[in-house]
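Residue numbers (our numbering): 27 to 175. Since the structure comes first, as structure tokens, the remarks are kept for the end.
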Ligand SMILES: [Zn+2]
């Protein structure tokens, strides 16, 4: 009887494990508090937000998605805009990193976020398309959409 209980417990634990893994896969892009895009594999989580004036803010969050201050991270963005390629530099402002210039005119062009955890760390390139249209399902901007499509 004891053995049976142990097997059942193990089976239950396995089910929970499988379920968690599947749920995590489905939500590739977690919802971020300021409506931006969560940058993959950043620790603490970095959120890329396009502001109304087309400047970009990078906010940081811990595992519980509570805001934390930027520390040693540095970011630059390359925008492959229709009018030409632009490089956008960032500076620290309060707890966040903010862009010194605005995103170039247009929409639907590719962005490469070059993210460094520390000044001498290997840069991490995060690529995605700028899409400022609003998603009909999650009501977030498409570049920050958390739906499965
Ligand atoms: Zn969506």
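Heads up, the beta-carbon is just placed ideally off N, CA and C, and yes, glycines get one too.
What does the alpha-carbon distance come out to for the pair residue 64 and residue 145?
21 Å
Cβ pair count under 8 Å reaching 3, the segment 121-141 against the segment 149-163
yes
Closer than 5 Å: residues whose CB approaches a heavy atom of ligand 1
161, 163, 164, 171, 173
Mind checking residue 160: buried by the 16 CB within 10 Å criterion, or exposed?
exposed
Can you tell me whether residue 70 is buried or exposed, with buried defined as 16 or more other CB within 10 angstroms of its CB?
buried
How big is the Cα-Cα spacing for residue 131 and residue 119?
24 Å
Just the C-alpha distance for residue 117 and residue 82, rounded to the nearest angstrom, thanks.
11 Å
For residue 60, I'd like the list of residues in its chain whose CB is within less than 8 Å of its CB, leaving aside the five on either flank, ordered along the chain.
73, 75, 83, 85
From this set, 101, 147, 96, 167, which residue's C-alpha is nearest residue 78's C-alpha?
167
By the three-class DSSP mapping on this structure, what secondary structure does residue 89 have?
coil
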